[in-house]
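> Structure provided below as structure tokens; questions to follow.
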Amino acid sequence: MPNDSADDEYPRSGRDLLTLIGASIETNQLTSHQNNDVAVISPPDSPMEVDEDALGSTDQLPDEQTTTIHPDRSDYWIQAIQIYYLLQVSDFLHPLHNETALDNARSVLYEGFNTILGSTYARWVELLEQLERREDMGGPARDGSRHLNYRFIFMELVYFLDVAKPEWSISEKAQKFFWTHVRLMKHFCGCGECKTANDILMGMSEEEANNWFKVFDIDHQTVAEAVKDLMVREVEDPAFRQTSKYKQGLSECKENRQTFGRLGEEIDWLCINAVETRKSLNYTRRELGFEDDLSPESDCVEPVVTRDDIDSPDCPICFTTYEMSCIGHDSEIYEHRPVRARCNHILCAACFNNCITSGLERAYDCPQCRQSFKPPPLHETAWAALRKAFDDKDEDPEPSAKKTLDCLDAYLANLPVDLQNLRNAHFPSREKPPALHELIHHILGPTGQVLEWVDDSLSPESSEEAHYQDKARLGIEYLYLCGERLRAYLEGDTKRYRAILTQLWPIFVRYQICLFISQVDHWIYDLELQMIFDEDGSNEESTLLDHAQCEFVNMPSQAKPPMSDQQDEDNEQPRSAPAASPYSDIIEPQHSSLSGQEPPAQRIERPATPHPNAPETLHREVTAQIKRFDQRFGSRYGRTANTEPPEQSYTSREALERSSTKGGHED
């Protein structure tokens, strides 16, 4: 958030800043970015052109030409979330994985967005802090060739939003960001696949490029055509998976055999959606006040029936000698009788009762091994089995798909009672839902108007409980249909596969809308609190993000899933780091000597003299690539580079201020 005590020359809103920076693009000004500040540089003598062979080779610009402007990044998260949801819709409607390197680039970019943005506003704030500290954010290294670093994507995204204009639609932002990403990855990654994707993009004619970029269009006609094409997809003949050609390709797959071929893509799609949907269901249960009762009863332990089972005559907790005379017959009256917990540890009945009635944080856990006295709920056990099937990357696609479907069936059959009741309940008919294209327009429309729509969607007239009930029912149905989609593909049933897609598309859209509304509602609340703190000038530590933590962060200990499953819910751990490059100051975290700590021992060697101006170079080249996109595809949007923003374009912060002064909801 910008500091209200800053000088008067600083812009007071995101719109002012974006207009100023947008004007700098049109006048061929350069921008640099470091430590969350934007530096507007005097224009060069000639128009800015990007020398691809010398990208990032510019020397440090003189300090006297620089005027520092602190950007208002308060609405960046909502803009980023909108781009993320557009990528999600595009991935659903255009599943062109492994068609070309350019299609792969779109798929991998969506994967990166899903990791860094598929969460709450608290996660966004955390990433901004990591960016300032120059910390690694992880990222996959595929087959030793592709190195995609999430920190690089996040920097690209923040710098891109620094120069994005308020009048740009979300489709236009997504198209320009993808263009910028592919162009820069050729240089900042340099692997063969990134170079190939860039070559394909640059080798397209204007007509070919316009047709390809339609994957980011979300107007009614384009979406209708994409849905129509989706409904005529052919599934793979199961007999093909028995041919020598298929088996040879599978044998050459050195890793991630589970996701090989078309069937593997369907498995991977189910894995991603199942994990995110299950996390959302758990969060929704807590919003509705539902939690698993993990309080153990007396029947959660069994009596010891023979003396041979006891290694020590004394209880390991209270050191009282067991009452051995009770072994082998009815012993309920004996307080210090030995009992066996489900973890096979033995203690006296008195200590067990003290544990489960003490009210301590770990009251329901064995004092010796910390395993829960009570077995986990069946839905937790079934989910653990499903995650194990997801994680078995070395298994062939066909047996993996069968095992995954069996585990998913078990999970859905053992859902918590409250979710089963919601799934089977018949609620009174509510207001007729809007058409799908209207919902997509709402979620991907102008950012300021989206906030007003979300605010109206959760107005007192509409029940918040009803919203979460709908969200839960849609989530369960979505997860079920995802499984049926994989089953139809596995069996080679084209007719059923198309029928499932017909049912899945509207469920997908409405479920994503529910997720979007929940996330934006939390973000608006956070922003309102932050505005109050800014106006009061309070320096007290804020707790505004406490309610917006990621799933499972603030869950009571007795409601947490078993440890193995809890680890599954954590954010993905950093994977293999990218190879060293001349731009390692961007792609890899840099150790700060101010921390007083030594750098990690397993540090990747970077060039002896990293480029001194790497972050500034990235920000400048993001600006340059947006300019190039406008030069090549400006006619795509029916306006010139000098088009003024429409009068009703305003940022989300301004929309929030407008909403707070309305004094109620307008019809």
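In the UniProt record's numbering, the protein residues as written are 1 to 667.
Glycine residues also receive a C-beta, built at the ideal position from the N, C-alpha and C atoms.
(1) Excluding the 5 residues preceding and the 5 following residue 368 in the sequence, name in chain order all residues of the same chain whose CB lies nearer than 6 Å to its CB.
(2) Would you call the CB atoms of residue 218 and residue 415 closer than 8 Å?
(3) Taking the alpha helix (DSSP H) that residue 743 falls in, what are its first and last residues?
(4) Return the Cβ separation of residue 678 and residue 236 in integer angstroms, given the expectation that the two are a contact with Cβ distance under 8 Å.
(5) Less than 8 Å separating the beta-carbons of residue 314 and residue 320?
(6) Going by DSSP, what residue range makes up the alpha helix (DSSP H) through residue 161?
(7) Residue 347 by DSSP, collapsed to three states: which one?
(8) I need the straight-line Cα distance from residue 734 to residue 385, nearest angstrom please.
(9) Going by other Cβ atoms of all chains shown within 10 Å of its Cβ, with 16 needed for buried, is residue 417 buried or exposed?
(10) Check for me: the alpha helix (DSSP H) holding residue 133 runs from which residue to which?
(11) Have a look at the DSSP bridge pairing and note the partners of residue 365.
(12) Indicate whether residue 277 and residue 267 have their beta-carbon atoms separated by less than 8 Å.
(13) Let me know if residue 149 comes out buried or exposed under the rule of 16 or more other beta-carbons within 10 Å of its beta-carbon.
(14) In the DSSP assignment, find the alpha helix (DSSP H) that holds residue 232 and state where it starts and stops.
(15) Go to residue 304, then tell me how far its beta strand (DSSP E) extends in each direction, as first and last residue.
(16) Tell me the DSSP bridge mates of residue 338?
(17) State the CB to CB distance for the pair residue 478 and residue 488, rounded to an integer number of angstroms; the pair is presumed to be in contact (CB under 8 Å).
(18) From 195, 180 and 402, pick the residue whose C-alpha is nearest to that of residue 186; which is it?
(19) Nearest by alpha-carbon distance to residue 393: which of 622, 422 and 264 is it?
(20) Is the beta carbon of residue 503 sitting closer than 8 Å to the one on residue 481?
(21) Should residue 509 and residue 78 be called a contact, given that it needs their Cβ atoms to be closer than 8 Å?
(22) Quick one: Cα of residue 408 to Cα of residue 511, how far?
(23) Could you name the residues of the same chain whose beta carbon sits closer than 8 Å to that of residue 629, not counting the 5 residues immediately before and after it, in chain order?
(24) Beta-carbon within less than 7 Å of residue 240's beta-carbon, same chain only, minus the 5 sequence neighbours each way: which residues are those?
(25) Contact defined as beta carbons within less than 8 Å: I believe residue 197 pairs with residue 102. What is the distance between those atoms, to the nearest angstrom?
(26) Just how far apart, CA to CA, sit residue 618 and residue 91?
(27) Taking only the alpha-carbon atoms, compute the straight-line gap between residue 364 and residue 448 and give it to the nearest angstrom.
(28) At the level of alpha carbons, what is the spacing between residue 123 and residue 83?
(29) Anyone know if the C-beta pair for residue 373 and residue 300 falls short of 8 Å?
(30) How is the alpha helix (DSSP H) around residue 478 delimited, first residue to last?
(31) For residue 113, collect the residues of the same chain with a Cβ closer than 6 Å to its Cβ; drop the 5 residues on either side in sequence, then sort them by chain order.
(32) Using DSSP's beta-bridge definition, name the partner residues of residue 321.
(33) Please go through the same chain and pick out, in chain order, the residues whose beta-carbon is closer than 8 Å to the beta-carbon of residue 200, but skip the five residues on each side of it.
(34) With distances taken Cα to Cα, identify the nearest neighbour of residue 165 among 340, 456 and 626.
(35) Any idea what DSSP makes of residue 290, helix, strand or coil?
Looking at the atomic coordinates:
(1) 345
(2) no
(3) Since the first residue shown for the chain is 1 and the last is 667, residue 743 is missing from the structure and cannot be characterised.
(4) No information on residue 678 is available, as it lies outside the stretch 1 to 667 that the chain covers here.
(5) yes
(6) Taken as a continuous stretch (DSSP letters only), the alpha helix (DSSP H) holding residue 161 covers 150-163.
(7) Looking at residue 347 - three-state DSSP - the assignment turns out to be strand.
(8) Residue coverage of the chain in this structure runs from 1 to 667, which leaves residue 734 outside it and unanswerable.
(9) exposed
(10) 121-133 is the span of the alpha helix (DSSP H), which, as asked, contains residue 133.
(11) Partner(s): 372.
(12) No, they are not a contact pair.
(13) buried
(14) Where residue 232 is concerned, there is no enclosing alpha helix (DSSP H), given that its DSSP letter is neither H nor E.
(15) Note, residue 304: premise wrong, no beta strand (DSSP E); not H, not E.
(16) In the DSSP assignment, residue 338 forms a beta bridge with 348.
(17) The Cβ separation is near 16 Å, so there is no contact.
(18) Comparing Cα-Cα distances from residue 186 to each of 195, 180 and 402, the minimum goes to 195.
(19) 264
(20) In this structure, the beta-carbon distance from residue 503 to residue 481 falls below 8 Å.
(21) Against a cut-off of 8 Å, the Cβ pair of residue 78 and residue 509 comes out as no contact.
(22) 19 Å
(23) 175, 176, 179 and 180
(24) 246
(25) So it is a contact: roughly 5 Å between Cβ atoms.
(26) 27 Å
(27) The alpha-carbon atoms of residue 364 and residue 448 are separated by roughly 48 Å.
(28) 16 Å
(29) yes
(30) 464-491
(31) 84 and 87
(32) 314
(33) 100, 101 and 102
(34) 626
(35) coil
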